[in-house]
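In this note's numbering, the protein residues as written are 3 to 128. For each residue, glycine too, the CB sits at the ideal point set by N, CA and C. Owing to the predicted nature of the structure, the values given are computational and were not obtained by experimental measurement.
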Ligand SMILES: [Zn+2]
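Below, the structure written as structure tokens:
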């Protein structure tokens, strides 16, 4: 904000004080403008930006899709092994988390609320 105000003031001063018309000042970086995030990104950040642009989420950075938790629409839990610990906050305002092991195969139920969870295979990106 302050930089923008100073920039405008400098342009106004430069244009009003000189007798001959002054070419408007260009934005930084030798008139190429300020590079965007995509132009500046390197390494892992660049890989993630390209993946998100293609619609994939290789590092599970986005909010997971919501499931009903019923037998027909169980919560899908990705895992790189054949089991995983799952924490279920059975009701929205609960302060305690019910932890249990989820194994490969059929959908399992939370021992407290009965929501269904199913393990799905997940491969880590290389
Ligand atoms: Zn539960």
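Query	Result
Below 7 Å, is the gap between the Cβ of residue 114 and the nearest heavy atom of ligand 1?	yes
Comparing the CB of residue 100 with every heavy atom of ligand 1, is any distance shorter than 7 Å?	yes
Ligand 1 and residue 72: does the residue's C-beta get closer than 7 Å to at least one heavy atom of that ligand?	no
Pull up the CB-CB distance for residue 78 and residue 120, whole angstroms please, since I reckon it's below 8 Å.	6 Å
Which residues bound the alpha helix (DSSP H) around residue 52?	45-56
For a quick check, are the C-beta atoms of residue 81 and residue 100 less than 8 Å apart?	no
Do you know how far the Cα of residue 53 is from the Cα of residue 42?	16 Å
Applying the 10 Å Cβ sphere with the 16-neighbour rule, what's the burial state of residue 76?	buried
With DSSP run on the structure shown, which of helix, strand or coil describes residue 120?	strand
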